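What follows is a short report on a single structure.
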Amino acid sequence: MKKRTTKLRLGVLASGSGTNLQSIIDACANDNIDAQIVRIICNNPDAGALQRAERAGIPRCCINHRVFTGRRGFDAAIIEQLQHDAVDLVVLAGFMRIVGADFVQAFPQRIMNIHPALLPAFPGLQVQKKALESGARFSGCTVHFVDAGVDTGPIIIQAVVPILADDTEESLSARILEQEHRIYPLAIQLFAANALKVEGQRVIIEQAWAGADKLRAEVLLNPPYTTKTI
Ligand code: GRF
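Count along the sequence shown from 1, then add 1088; that gives the number in our numbering.
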């Protein structure tokens, strides 16, 4: 494994309030990840993410998708900016636009996304609502590499969140979001440490992972019932 000698250069794309962005800003500031955000791009001029970028003093810009006639032009403008900033890894943090094939080719296996469900279940939009309505006992969140499909790329890390009897879309979303803020910095640090290798659809984590044995014993039940007969 080749060790990185300089900090990983991140370009973060966001559309909304930017709480995931904030978790990455904080992780960089606290030296929890060997990375620095060199550019934040929002497609929406009102995105809270832009204010967070300003507060943190990080270079930022708005590339508004509405001023482009098609996706290719919009993608090209973003690619140009990210290449100009010599970004090593593109981080989609609540970025509500689908990235096209040109974008994926410009940064092969160097684009990550976070999705508020346990992929491959519930790709697309409104997924917390869909998970709730499906009757599933667990949902969660996924960080994955971006490929040419929608929410289909190789999975890096997931967190499982139980769905509770009295959950609403809001309460479930809030508990999932809390876990998003934990796993996105972890996934970025695995990348920064050169610990990820993509083999087909699988991501192999090359570092010896101390927690693996513990995980083997950790099976979750929901409901967490016990019975004297089993
Ligand atoms: C998150 O749930 C993310 O997974 C989804 O949109 C939400 C964005 O949240 N794609 P934020 O902008 O990071 O607060």
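Glycine included, each C-beta is placed from N, C-alpha and C at the ideal position.
None of the values given here were measured: they were computed from a predicted structure.
Could you tell me whether any non-hydrogen atom of the ligand GRF is closer than 8 Å to the CB of Pro1204? Taking the first residue of the sequence shown as position 1, residue 1204 is located at position 116. At least one heavy atom of the ligand GRF is nearer than 8 Å to the Cβ of Pro1204, so yes.
So, helix, strand or coil for Gln1246, using DSSP? Working through the sequence shown from its first residue, we reach residue 1246 at position 158. DSSP places Gln1246 in strand when its eight states are reduced to three.
Coarse secondary structure for Phe1226, derived from DSSP in three states: Looking up residue 1226 in the sequence shown gives position 138. Here Phe1226 sits in strand by DSSP.
Assess, as a yes-or-no matter, whether the stretch 1164–1183 is touched by the stretch 1098–1113 under the definition of 3 or more beta carbon pairs within less than 8 Å. yes
Any heavy atom of the ligand GRF inside 8 Å of the beta-carbon of Asn1310? Translated into positions along the sequence shown, residue 1310 becomes position 222. No - the ligand GRF has no heavy atom lying nearer than 8 Å to the Cβ of Asn1310.
Rounded to whole angstroms, how far is the Cβ of Ile1167 from the Cβ of Asp1134, which I believe are closer than 8 Å? Locating residue 1167 in the sequence shown gives position 79, where the first residue counts as 1. Locating residue 1134 in the sequence shown gives position 46, where the first residue counts as 1. The Cβ separation is near 24 Å, so there is no contact.
Hey, is Ala1102 close to the ligand GRF, as in C-beta under 8 Å from one of its heavy atoms? Along the sequence shown, one-based indexing puts residue 1102 at 14. Indeed, a heavy atom of the ligand GRF lies less than 8 Å from the Cβ.
Taking the straight line between their C-alpha atoms, what separation do you get for Ile1319 and Gln1171? Here the chain has residues from 1089 to 1318 only, and residue 1319 is not among them.
If you reduce the DSSP assignment to three classes, tell me which class Leu1207 lands in. Reading the sequence shown from its first residue, position 119 is the one you call residue 1207. Three-state result, Leu1207: coil.
Determine the direct distance from the alpha carbon of Cys1150 to that of Leu1303, and round the result to whole angstroms. Start at 1 with the first residue of the sequence shown, and residue 1303 comes out as number 215. Start at 1 with the first residue of the sequence shown, and residue 1150 comes out as number 62. Cα to Cα, the separation comes out at about 42 Å.
Should Ala1115 be counted as a contact of the ligand GRF given a C-beta to heavy atom distance under 8 Å? By 1-based counting over the sequence shown, the position of residue 1115 is 27. No, Cβ of Ala1115 sits at least 8 Å from all heavy atoms of the ligand GRF.
What is the residue span of the beta strand (DSSP E) that Val1100 lies within? Here residue 1100 corresponds to residue number 12 of the sequence shown, with the count starting at 1. Per DSSP, Val1100 belongs to the beta strand (DSSP E) from Leu1096 to Ala1102.
Determine, using beta carbons only, whether Ile1129 and Gly1158 come nearer to each other than 9 Å. Stepping through the sequence shown from its first residue, residue 1129 is reached at position 41. Stepping through the sequence shown from its first residue, residue 1158 is reached at position 70. No. Outside cutoff.
State yes or no: is the C-beta of Arg1097 within less than 9 Å of the C-beta of Asp1163? Residue 1097 sits at position 9 when you count from the first residue of the sequence shown. Residue 1163 sits at position 75 when you count from the first residue of the sequence shown. Taking 9 Å as the Cβ cut-off, Arg1097 and Asp1163 do not qualify as a contacting pair.
With Leu1308 as the anchor, note down where its alpha helix (DSSP H) starts and where it stops. The residue you call residue 1308 lines up with position 220 of the sequence shown. Element bounds for Leu1308: n/a, residue is neither H nor E.
On the three-state DSSP scale, how would you describe Leu1260? Against the sequence shown, residue 1260 aligns to sequence position 172. Looking at Leu1260 - three-state DSSP - the assignment turns out to be helix.
Between Leu1260 and Thr1230, is the Cβ-Cβ spacing less than 9 Å? Numbered from 1 along the sequence shown, position 172 holds the residue referred to as residue 1260. Numbered from 1 along the sequence shown, position 142 holds the residue referred to as residue 1230. In this structure, Thr1230 does not lie closer than 9 Å to Leu1260 by Cβ.
What are the start and end residues of the alpha helix (DSSP H) that includes Ile1128? Here residue 1128 corresponds to residue number 40 of the sequence shown, with the count starting at 1. From DSSP, Ile1128 is part of no alpha helix (DSSP H) but of the beta strand (DSSP E) over Ala1123 to Cys1130.
For Asn1118, does the three-state DSSP call read helix, strand or coil? Along the sequence shown, one-based indexing puts residue 1118 at 30. Three-state result, Asn1118: coil.
Within 10 angstroms of the Cβ of Tyr1272, are there 16 or more other Cβ atoms? Answer buried if so, exposed if not. Locating residue 1272 in the sequence shown gives position 184, counting from the first residue. Flag for Tyr1272 reads buried.
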